[in-house]
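The structure appears below as structure tokens.
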Amino acid sequence: MLSHIEEGSICYSVQFEVENSAKLHRWHQEQGVKLNEELLNIFKDKVIGFPTLMEVIV
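Pasting the structure below:
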């Protein structure tokens, strides 16, 4: 992933594969929302989270 990185910042990215979009949607509803809330509770305005659907190109 290419992006602009601000000087002095630390960036992390999490990527995983799922069998289909239905499983991804279910994970996001059941776990992803909770994960985002927990990150916001811990890091306040120093974190941003967003889901992105990507396709593997070989």
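Residues 1 to 58 in full-length UniProt numbering are what the sequence shown spells out, letter by letter.
Beta carbons: idealized from backbone N, C-alpha and C, even for Gly.
Treat the numbers as computed from the prediction; the structure is a model and nothing was measured.
Sequence-distant Cβ neighbours of Val47 in its own chain, meaning closer than 8 Å and more than five residues away, are Leu39, Leu40. Taking C-alpha positions only, His25 is separated from Phe43 by approximately 25 Å. Rounded to the nearest angstrom, the gap between the Cα atoms of Glu55 and Ser13 is 16 Å. Between Asp45 and Glu7, the alpha-carbon positions lie close to 17 Å from each other.
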